Amino acid sequence: MRMKPIRVLIAKPGLDGHDRGALIIAQALRDHGMEVIYTGLRQSAIQIARAAIQEDVDVVGLSSLSGAHKSLFPKVVKALEEQGASDIPVIGGGVIPAEDIPFLEEQGVKKIFTSGSPTDATAIYIKQLIHKRTINAPKKIAHIGIAVESIDTALPFYQHTLGLEVEAVEKVESEQVRVAFLKIGETMFELLEPLSDDSPIQTFLTRKGEGVHHIAVEVEDIEKRLQQYKEQGIRLIHEQPKQGAHDSQIAFLHPKAANGVLFELCQQGEGE
Amino acid sequence: MNTSSSEHHPKQKWEKDVKKTTERFPERKETFHTSSDITINRLYTPKQMDGEYIEEIGFPGQYPYTRGIQPTMYRSRYWTMRQYAGFGSAEETNERFRYLLKQGQTGLSVAFDLPTQIGYDSDDPMADGEVGKVGVAIDSLKDMEQLFDQIPLDQVSTSMTINAPASILLAMYIAVGEKQGVDPEKLTGTIQNDILKEYIARGTYIYPPKPSMRLITDIFGYCQEYLPKFNTISISGYHIREAGSTAVQEVAFTIANGMAYVDAAIEAGLEVDDFAPRLAFFFNAHNQFFEEAAKFRAARRMWAKIMKEHYGAQNPKSWKLRFHTQTGGSTLTAQQPDNNIVRVTLQALSAVMGGTQSLHTNSRDEALALPTEDSARIALRTQQIIANESGVADTIDPLAGSYYVESLTDQIENEANAYLERIKEFGGAVQAVEEGYMQREIHQAAYDAQKRIESKEDIVVGMNEFKLEEEIHADLLRVDEALEQAQIEKTQQLRAERNQAAVDQCLLKLKEAAGGTANVMPYIVEAVKAYATVGEIANVLRGEFGEYSGM
Chain A
60 MRMKPIRVLI
70 AKPGLDGHDR
80 GALIIAQALR
90 DHGMEVIYTG
100 LRQSAIQIAR
110 AAIQEDVDVV
120 GLSSLSGAHK
130 SLFPKVVKAL
140 EEQGASDIPV
150 IGGGVIPAED
160 IPFLEEQGVK
170 KIFTSGSPTD
180 ATAIYIKQLI
190 HKRTINAPKK
200 IAHIGIAVES
210 IDTALPFYQH
220 TLGLEVEAVE
230 KVESEQVRVA
240 FLKIGETMFE
250 LLEPLSDDSP
260 IQTFLTRKGE
270 GVHHIAVEVE
280 DIEKRLQQYK
290 EQGIRLIHEQ
300 PKQGAHDSQI
310 AFLHPKAANG
320 VLFELCQQGE
330 GE
Chain B
11 MNTSSSEHHP
21 KQKWEKDVKK
31 TTERFPERKE
41 TFHTSSDITI
51 NRLYTPKQMD
61 GEYIEEIGFP
71 GQYPYTRGIQ
81 PTMYRSRYWT
91 MRQYAGFGSA
101 EETNERFRYL
111 LKQGQTGLSV
121 AFDLPTQIGY
131 DSDDPMADGE
141 VGKVGVAIDS
151 LKDMEQLFDQ
161 IPLDQVSTSM
171 TINAPASILL
181 AMYIAVGEKQ
191 GVDPEKLTGT
201 IQNDILKEYI
211 ARGTYIYPPK
221 PSMRLITDIF
231 GYCQEYLPKF
241 NTISISGYHI
251 REAGSTAVQE
261 VAFTIANGMA
271 YVDAAIEAGL
281 EVDDFAPRLA
291 FFFNAHNQFF
301 EEAAKFRAAR
311 RMWAKIMKEH
321 YGAQNPKSWK
331 LRFHTQTGGS
341 TLTAQQPDNN
351 IVRVTLQALS
361 AVMGGTQSLH
371 TNSRDEALAL
381 PTEDSARIAL
391 RTQQIIANES
401 GVADTIDPLA
411 GSYYVESLTD
421 QIENEANAYL
431 ERIKEFGGAV
441 QAVEEGYMQR
451 EIHQAAYDAQ
461 KRIESKEDIV
471 VGMNEFKLEE
481 EIHADLLRVD
491 EALEQAQIEK
501 TQQLRAERNQ
511 AAVDQCLLKL
521 KEAAGGTANV
531 MPYIVEAVKA
541 YATVGEIANV
551 LRGEFGEYSG
561 M
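Each protein sequence line maps, in turn, to chains A and B.
Residue numbers for the first sequence follow the working numbering, beginning at 60 and rising by one.
Residue numbers for the second sequence follow the working numbering, beginning at 11 and rising by one.
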């Protein structure tokens, strides 16, 4: 984790004098532990770029309510480029019609928060944006979990139709589930069969029927990720890693965090 | 004249006033009835009128004006329906004005673009990207002539949202009037001209507070002589509220600013009763219906007491707080914009219950962009429905006597007075503004409100509750990006064609006046008539006064 707090420059380009939003976002970001510098009103693109460099900020947030965003925001992006600071991302907010967002993003603005966006969303986004560099991308899909009524009935398709080999069949009493692993290339299918009505897999089957249940991605930094997700307000099912099969550590994210897909983080044990 | 008022019972005095008023402005109907044919009285009062009722609530048109400033209020005339409009070029805005007048609007209200409001011409580098965006771009008298083309200035009243360069735009209005053959003394309308709230909340300041206050008192002095029917200032709580203040803060800070203007004018040698009758106010109508209605009533009572007791004004016109209201722009949501029509209706109703003199209802799409013609019409229709269909205007101050509303009125007055005390300790509003006191108070209230919304302690329908998945916003008004270039060319052509020597001479004379103590208004009027631009005039004053650079 970075030790020093994220530094943000909140700026009002152009002539618009309404800075209620800018002041609120500045304070909300401070409440999230960031260091925020507010430029005050009527800043030119060049003034903003210079301030961003002098203050050594991680991100620039622009606010405009006058309708001049299409001309002003890209100018700030350009001024940063010209000053050799194109690595400082620019985000924006204010009275900005959704139709203008693609244009602004094309012009290099990273993200637009329209009116009504909660301040937390902006804070979380900035944390993700800045911390992204400190997280390593997952190496591969560890396995794809598929919920089935009965492993015995489902296996012939995987064994004979697809021609895969069964790696192992285990019971996980704590989850009231029986699992079968089938290796495919560098990853695996995991068939999940409920052992009782209390099993989470039974709940899934009752609600949705058989089908893909979750995707597990293999990571090397499970604790750090969970810590960071927690700070960013990402919804989690497990806030701490728990013991998985073969000495692995696992944790599930909430499907609401990922467009309805249930993701599992999976870190292999030291021995393997 | 006011000694005679104590000789009669206030009720008899009011009845006499009603008689006098109705002779000049007959009531809308001979008699008013409900749907069930129940007669609606002009006024309802407690059965027993004790001293406290007379002193604190009283009668409409009577000190302390808690129940309204006119003896018959909306029984004679509805409030003025005045929609703020302006975008793009002078020609386009002129078209929208004439459309609104044809739709039954009764007064004009001009929105200027930001470069105009901050004293930059359209071709100034600072104006880049802002020309014609939030209002109409006015660079020279030529633009102003087009803005009021075919609109006779002796028949409309015009409100102009202009502050730091108010003297320049007022001078242009006078010049357009003269070209139409209308004497300045016949001109009616309002300039906002309230610089203190610009430092506090709205941000379109140019000069530091002291010379800004001098420009304002120069306008007071000039108008007293030449434009006796023009409202020289609109002391505005609206933007203070939009910046996130509470209702109490809105009243307190607005009245504190009002007192600062009165102090400045008295210090400049003006007599309170000569300028105070032309002071107007501008408030916000926000969401909480009863609190808003009570706020207007409390503000009226506070101002009356301050003018009479603190400043010793003798003329009852100096005691009356006349105000314009606009519904709260920041209450509108970008989500499900049609819901905003309902919000605006409730807010507008609170302003009418509070006895407003004129009203602007916001358009449903203002959280997204400038209003389209359709949206602007619905906003105007909202007022027309309240006036013509709801019956709320048929009796005066119908909320009076409600235990709740009277108690709220008292408490708002008390808490606002506590703020006035604190501001007095700073040495008045100018000092409090310079030290950022009001700004900090407002920011804290705004942040608290935002947190309540995010924690869903406060529900905003369609935004943090009762949401819809996807929303597509069709038909937003877009200002043509080509307009900026056209406006720049127009102004550059004007500079090429005008008599430059005459302009230079006018600007030189203005510079001398600004450097001394003379009233600058006559010099500004001469300069605009020679087609000096807003930017040129403002720059001369920048040279003399300096620029304010924020906190």
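Glycine included, every Cβ here is placed at the ideal spot set by N, Cα and C.
Fair warning: this is a prediction, and the values are worked out from it, not measured in the lab.
query = Could you give the distance in angstroms between the alpha-carbon of glutamate 245 of chain A and the alpha-carbon of histidine 313 of chain A?
reply = 26 Å
ask   = By DSSP, does asparagine 294 of chain B sit in helix, in strand, or in coil?
value = strand
ask   = Is any beta-carbon of chain B found at less than 9 Å from that of isoleucine 83 of chain A?
value = yes
key: Cβ distance (whole Å) where lysine 461 of chain B is taken to contact asparagine 474 of chain B below 8 Å   = 12 Å between Cβ atoms; not a contact.
request  = Tell me whether the beta-carbon of lysine 305 of chain B lies closer than 9 Å to the beta-carbon of isoleucine 422 of chain B.
outcome  = Yes, the Cβ-Cβ distance between lysine 305 of chain B and isoleucine 422 of chain B is below 9 Å.
inquiry  = Closest to glycine 145 of chain B by C-alpha separation, out of A:Arg284, A:Gly126, A:His273, would be which residue?
reply    = A:Gly126
request  = Kindly indicate if chain A contains any beta-carbon less than 9 Å away from that of glutamate 445 of chain B.
outcome  = For glutamate 445 of chain B, no Cβ of chain A is located within less than 9 Å of the residue's own Cβ.
task = Use the C-beta contact count for glutamate 277 of chain A: other C-beta atoms within 10 angstroms, 16 or more gives buried, fewer gives exposed.
result = Around the beta carbon of glutamate 277 of chain A, a 10 Å sphere encloses 16 or more other beta carbons of the protein chains shown; the residue is thus reported as buried.
task = Below 6 Å CB to CB, which residues in the same chain sit around aspartate 117 of chain A once its five sequence neighbours on both sides are set aside?
result = Ile65, Arg66, Ile189
Proximal residues to alanine 111 of chain A (C-beta, below 6 Å), its chain only, five neighbours per side dropped = Leu68, Val119, Ile147
task = Starting from the C-beta of glutamate 141 of chain A, find all residues in its chain whose C-beta is less than 8 Å away, skip the five residues before and the five after it, and write them out in chain order.
result = Ala108
key: Contact with chain A by arginine 212 of chain B, beta-carbon distance below 9 Å   = yes
key: Beta-carbon separation (whole angstroms), glycine 213 of chain B vs glycine 76 of chain A, contact threshold 8 Å   = About 2 Å separates the two Cβ atoms, so the contact holds.
request  = Using a threshold of 9 Å, state whether the C-beta atoms of valine 166 of chain B and leucine 237 of chain B are closer than that.
outcome  = no
ask   = In angstroms, rounded to a whole number, what distance separates the CA positions of phenylalanine 248 of chain A and isoleucine 274 of chain A?
value = 10 Å
ask   = In whole angstroms, what is the alpha-carbon distance linking tyrosine 97 of chain A and glutamate 281 of chain B?
value = 43 Å
request  = Determine the DSSP secondary structure at phenylalanine 263 of chain B, reduced to helix, strand or coil.
outcome  = helix
inquiry  = Residues of chain A with CB closer than 8 Å to the CB of methionine 136 of chain B, please, in chain order.
reply    = Leu74, Arg101, Ser103
key: valine 154 of chain A: contacting residues in chain D (beta-carbon distance under 9 Å)   = The structure shown has no chain D; the protein chains it does contain are A and B.
query = Counting Cβ pairs closer than 8 Å, one from the segment 281-294 of chain A and one from the segment 199-207 of chain A, do we hit at least three?
reply = no
key: Sequence ranges, beta strand (DSSP E) only - wholly within the segment 284-324 of chain A, length at least 3   = 308-311
task = Give me the Cα-Cα distance between lysine 220 of chain B and leucine 151 of chain B, rounded to the nearest whole angstrom.
result = In this structure, the straight-line span from the alpha carbon of lysine 220 of chain B to that of leucine 151 of chain B is close to 28 Å.
request  = With a floor of 4 residues, list each alpha helix (DSSP H) that falls wholly inside the segment 453-533 of chain B, ordered by position along the chain.
outcome  = The qualifying runs are 492-507, 510-525.
Inter-residue spacing [alpha-carbon to alpha-carbon] between valine 538 of chain B and arginine 374 of chain B = 37 Å
Proximity winner among A:Asn195, A:Pro133, A:Gly153, relative to isoleucine 84 of chain A (alpha-carbon distances) = The residue from A:Asn195, A:Pro133, A:Gly153 with its alpha-carbon nearest to that of isoleucine 84 of chain A is A:Gly153.
query = Can you tell me where the alpha helix (DSSP H) with proline 30 of chain A in it begins and where it stops?
reply = In this structure chain A extends from 60 to 331, so residue 30 of chain A is not present and cannot be described.
key: Members of the segment 166-181 of chain A that neighbour chain B once the beta carbon cut-off is set at 9 Å   = Thr173, Ser174, Gly175, Pro177, Thr178, Asp179
inquiry  = Taking CB distances under 9 Å as the criterion, tell me whether glutamine 259 of chain B reaches chain A.
reply    = No, glutamine 259 of chain B lies away from the interface with chain A (no Cβ there is under 9 Å from its Cβ).
Status (buried if at least 16 other CB within 10 Å, exposed otherwise) for asparagine 173 of chain B = Under this definition asparagine 173 of chain B is a buried residue.
9 Å Cβ cutoff met for leucine 124 of chain B and alanine 95 of chain B = no
ask   = To which residues of the same chain is phenylalanine 263 of chain B closer than 6 Å at the C-beta, ignoring the five residues directly before and after it?
value = Ile250, Met448
inquiry  = Taking 9 Å as the threshold (beta carbon to beta carbon), is methionine 473 of chain B in contact with chain A?
reply    = So yes, methionine 473 of chain B belongs to the interface.
inquiry  = To the nearest angstrom, how far is the alpha carbon of threonine 433 of chain B from that of phenylalanine 293 of chain B?
reply    = Sequence inspection shows isoleucine at residue 433 of chain B; the threonine mentioned does not correspond to that position. Distance between the alpha carbons of isoleucine 433 of chain B and phenylalanine 293 of chain B is about 20 Å.
key: Residues bridged to proline 72 of chain A (per DSSP)   = A:Gln102
query = How is asparagine 241 of chain B classed by DSSP in three states: helix, strand or coil?
reply = Correct three-state label for asparagine 241 of chain B: strand.
request  = For serine 130 of chain A, decide whether its Cβ has a neighbour in chain B, counting only Cβ atoms nearer than 9 Å.
outcome  = yes
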